[in-house]
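Here's the structure we're looking at; comments come further down.
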Amino acid sequence: VGHPWIDTKVKIVHPEKLTLCKDDEVGEIWVNGSIVTAGYWNKPEITENTYSAKIQSEPELKYMRTGDLGFFHHGELYITGRLKDMIIIRGSNYYPQDIEFVAEASHIALRANASAAFSVEVNNEEKLVIVVEVERTAIKDLNVDEVCDAIRQQIAEEFELEVYGIQLLRTASILKTSSGKIQRKACQEGFLDKSLQVVGESILEQSKSTDQPSDKKIDLTTLQAWLMAWLHINLKISFDKIDASKPISVYGLNSMKAVQLQQDVLDKYGVNMPPYLFFDKSTLKELSEKAMELIKESEE
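Mapping of the sequence shown onto the numbering used here: residues 29 to 328, in sequence order.
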């Protein structure tokens, strides 16, 4: 964007801590100066929250919260996105624009600049959803599974994220503003109330077995059985094909599923399994033993 002009003060602020960010650190853009308007007409509460923001180290000044995210680099202001659009999953922040760009490029049937990425709450956890338009020429022979698999694979490789829901939309149907900007919030609402013009979709089934509270006092056999059930449910492996003496990686555990397994173990047993264990030829039995070891350590 450039440098602040005349008497304008621009600060990058941590939106929750209300402290200044360092150079090259992303935060909310706050503005003070003669260019700032007085507020919203007849909306005192919104005006107070937006136009009377104070930084902890500068309590004498009032700033306008722009809702934009950005950072300073060598004195130059760079804008990275909107605070309200930020996707937060398992404590990590993701820009929807980055996810949308990767999703659109994952398959030739998808249209550029015609997607929305957002999160929805599923079983008390934020899950990623992507809605994207399909090229008009691709709708007739559209292979929904192929396209959705391509999206999931690219998002997993690029961000190590699982895509919970994908909706493929009719050409030129994604919700936009009059100026042509994607309305992510409206798309999220449309996904939830099933009002989008969908030509194909893929929604992951949620494993109830990993969402139930459990007693940490558990034996090795039970833990190994839980892992086998996880493979059966999430990787669609029949029980008779699961061998505890084989590396877990032979069952098609990719980076996306490894992240899911790591989180499910953490949610159920309260221990954080190092991700490398899923790819270093560890067998199901060895993983169970390592998990038991971590559980015992956490109880001490």
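Cβ atoms here follow ideal geometry from the backbone N, Cα and C, with glycine treated the same way.
- For the set THR311, ILE63, PHE306 and GLU149, the Cα lying nearest the Cα of ALA272 is the one of THR311.
- Restricting attention to LYS168, GLN84, VAL287 and LEU251, the CA atom closest to the CA of ILE323 is found in LEU251.
- For ALA166, the secondary structure class from DSSP, reduced to helix, strand or coil, is helix.
- In this structure, the CA atom of VAL278 is about 18 Å from the CA atom of ALA184.
- Residue environment: ASP268 is assigned as exposed (fewer than 16 neighbouring CB atoms within 10 Å of its CB, all protein chains considered).
- LEU289 and ILE276 have their C-alpha atoms spaced approximately 11 Å apart.
- Your pair TYR91 and LYS50 does not check out as a contact, with CB atoms roughly 18 Å apart and the cut at 8 Å.
- In the three-state reduction of the DSSP assignment, HIS42 falls in the coil class, being assigned neither a helical nor a strand state.
- Annotated as proximal: LYS37 and GLY61, with beta-carbon spacing under 8 Å.
- Inter-residue distance for ARG198 and VAL226 is about 6 Å (C-alpha atoms, whole angstroms).
- For a cut-off of 8 Å, the C-beta gap from ALA140 to GLU149 is around 29 Å, too long to register as a contact.
- GLY95 sits in a strand when the DSSP states are folded into three classes.
- Secondary structure note for GLU185: its alpha helix (DSSP H) is the uninterrupted segment 172-187.
- In the three-state reduction of the DSSP assignment, ARG212 falls in the helix class, which pools H, G and I.
- Collapsing the DSSP output to three states places ASN282 in coil.
- Minimum Cα-Cα distance from ASP292 among the listed residues LEU248, PHE100, TRP254 and GLU44 corresponds to TRP254.
- Look at the beta carbons and you see the segment 157-164 touching the segment 192-207: at least three pairs across the two are nearer than 8 Å.
- The Cβ neighbour count for TRP258, taken over all protein chains shown within 10 Å, is at least 16; the residue is labelled buried.
- Secondary structure note for TRP58: its beta strand (DSSP E) is the uninterrupted segment 55-60.
- Annotation: the continuous beta strand (DSSP E) that includes ASN141 extends over 138-150.
- Rounded to whole angstroms, VAL64 and CYS176 show a C-alpha spacing of 45 Å.
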